[in-house]
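Under my numbering, the residue at position 223 of the sequence shown is numbered 411, and the numbers go up by one with no gaps.
By construction, the Cβ of each residue, glycine as well, lies at the ideal position given by its N, Cα and C atoms.
Given the structure is predicted, the values throughout are model-derived calculations rather than measurements.
Below: one structure, written as structure tokens.
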Amino acid sequence: MPKRDPTAQIAVHRLVAPLSRGTLKRSTNPAFQARLLTFGVPRGHLHRATHASTGAGYVSPMPELPDVEGFRRTLRRAAGRTLERVDVLDGGVLRDVSAAELRARLDGAVLATPRRHGKHLVAPLRAPGRRHRSTEPSILFHFGMTGALTWVTDDSARHRHDRVVFVTDGGELRYRDMRKLQGIRLAGDDSAVDRVLARTGPDAASVTVEEFTERLAPTRRQLKAALMDQAVLAGLGNLLVDEILWRARLHPRTTTADLGDTDYRRLHARMMTTLRQASPTGRVPDHAGWLTGRRDQPGGSCPRCGASLARGRVAGRATVWCPRCQPAQPTSRACSV
Ligand SMILES: [Zn+2]
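See below:
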């Protein structure tokens, strides 16, 4: 069994090895199952898959900020390599660019140091022997629900969901995506990159508490919806928002109008801690002390107080919280007698 590297990109062997040991239990989460399929788990094995409490074989149902941070580290391993060829195996993941244009613009370019903004990953290109210039193109990746990036330096076979393969002089960068909801863009220069990123809010991992408050407060929405809105703040998804709200002891249906300065400071601080702890793992970890570690357990209990976790749909998403640590706010203070 290959050595497990907590910072390594999630790969097929990390999933299939624990599955074949039979250590995983049943999961009926369709998003999680879709992600397993992406990673090559045979459909017939899905019923045995779940988020294992040991962390073995765990895969986030959908890439969030820490997952994309993991993909950034994957891409960084390819930095400095020269693109020799681009194999577009399925043009269904290309956004606003044709396969021919992608090949033409990338031929002979060198991959420069990548960066992440929210759930976007930017791969600037440069000419050999110098730094990236603002007039040069960048590849933009967005992983949607089932996207992933792998860096392959041996002759291992491509996966059937590898949609675009960037062949370099040192290995292959493979963009895999089963459902093809998002994908790959080509920005002609840095201002084109900025235009795409400007559709989203500031990156959640680098936003200041002042900016955080300024962006959330005017929305007057439920916290769950406001925090997941990429136009407000970029990078948070379903697992992260539940985790952060649990740590901040705020009910997901609390509205931003119900929060005072102290609440915003606490919420921002808990978000930063969560992101700082999750990012090195390349996923939202299912540690025992995390809500994420309990959310998929039948009858799961709060890691902090032991109360049975509550479940419901908030902002259209399956949401988990602790009814004791995160009491519901009155729906309207004006109406409470
Ligand atoms: Zn609790």
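Which residue's Cα is closest to the Cα of residue i: the options?
| i | options | result |
| --- | --- | --- |
| alanine 510 | Gly296, Ala436, Arg351, Asn426 | Here the sequence assigns cysteine to residue 510, which means alanine is not the residue at that position. Nearest of Gly296, Ala436, Arg351, Asn426 to cysteine 510, Cα basis: Ala436. |
| leucine 374 | Leu277, Ala336, Ala311 | Ala311 |
| methionine 366 | Val340, Glu399, Gly332 | Gly332 |
| threonine 462 | Thr442, Leu428, Thr443, His439 | Leu428 |
| valine 352 | Arg409, Ser286, His475, Thr270 | Ser286 |
| valine 276 | Leu361, Arg464, Asp446 | Leu361 |
| threonine 396 | His349, Thr334, Ala457, Asp255 | Ala457 |
| histidine 308 | Ser322, Thr388, Gly317 | Thr388 |
| alanine 476 | Gly470, Gly488, Pro468 | Gly488 |
| arginine 408 | Arg364, Leu447, Leu271, Val384 | Leu447 |
| alanine 413 | Met460, Ala297, Arg441 | Arg441 |
| tryptophan 478 | Trp434, Asp449, Pro486 | Trp434 |
| valine 355 | Ile432, Asp343, Thr450 | Asp343 |
| leucine 455 | Arg483, Glu399, Asp484 | Glu399 |
| arginine 273 | Val256, Arg291, Arg265 | Arg291 |
| histidine 347 | Ala419, Asp278, Ala503, Arg260 | Asp278 |
| alanine 445 | Arg471, Arg321, Pro406 | Pro406 |
| cysteine 493 | Cys513, Gly258, Met460 | Cys513 |
| arginine 260 | Arg319, Arg304, Arg383 | Arg304 |
| aspartate 449 | Leu404, Arg471, Ile432, Met460 | Leu404 |
| proline 325 | Ala288, Ala380, Arg483, Arg283 | Ala380 |
| arginine 265 | Val502, Gly296, Arg499, Ala300 | Ala300 |
Looking only at DSSP bridge pairs, what is residue i linked to?
| i | result |
| --- | --- |
| threonine 443 | Gln410 |
| alanine 405 | BP columns for alanine 405 are empty, so no partner. |
| proline 312 | Ser326 |
| tryptophan 509 | Ala498 |
| tyrosine 452 | BP columns for tyrosine 452 are empty, so no partner. |
| aspartate 275 | Val353 |
| arginine 373 | Leu328 |
| histidine 305 | His308 |
If you measure from the CB of residue i, is any heavy atom of ligand 1 nearer than 7 Å?
| i | result |
| --- | --- |
| arginine 482 | no |
| alanine 436 | no |
| arginine 454 | no |
| arginine 492 | yes |
| alanine 266 | no |
| alanine 495 | yes |
| arginine 273 | no |
| arginine 441 | no |
| arginine 505 | no |
| arginine 458 | no |
| arginine 499 | no |
| arginine 373 | no |
| arginine 512 | yes |
If contacts are defined as beta-carbon pairs under 8 Å, then residue i and residue j qualify, I think. What distance do you get, rounded to the angstrom?
| i | j | result |
| --- | --- | --- |
| threonine 341 | glycine 358 | 7 Å |
| leucine 313 | leucine 294 | 7 Å |
| aspartate 430 | valine 508 | 5 Å |
| glycine 481 | proline 491 | 7 Å |
| glycine 280 | lysine 368 | 5 Å |
| alanine 516 | histidine 439 | 5 Å |
| threonine 270 | valine 298 | 5 Å |
| alanine 506 | proline 254 | Their Cβ separation, rounded to whole angstroms, is 19 Å, which puts alanine 506 and proline 254 out of contact at 8 Å. |
| proline 316 | alanine 267 | Going by Cβ atoms, the distance from proline 316 to alanine 267 rounds to 13 Å, so no, they are not a contact pair. |
| proline 251 | glycine 335 | 6 Å |
| glycine 376 | histidine 330 | Their Cβ separation, rounded to whole angstroms, is 17 Å, which puts glycine 376 and histidine 330 out of contact at 8 Å. |
| tyrosine 452 | threonine 401 | 4 Å |
| glycine 504 | glutamate 257 | Actually they are not in contact, since the Cβ atoms of glycine 504 and glutamate 257 sit about 26 Å apart, beyond 8 Å. |
Problem - the segment 417 to 426 contacting the segment 388 to 400, beta-carbon criterion three pairs below 8 Å - result: Yes, they touch.
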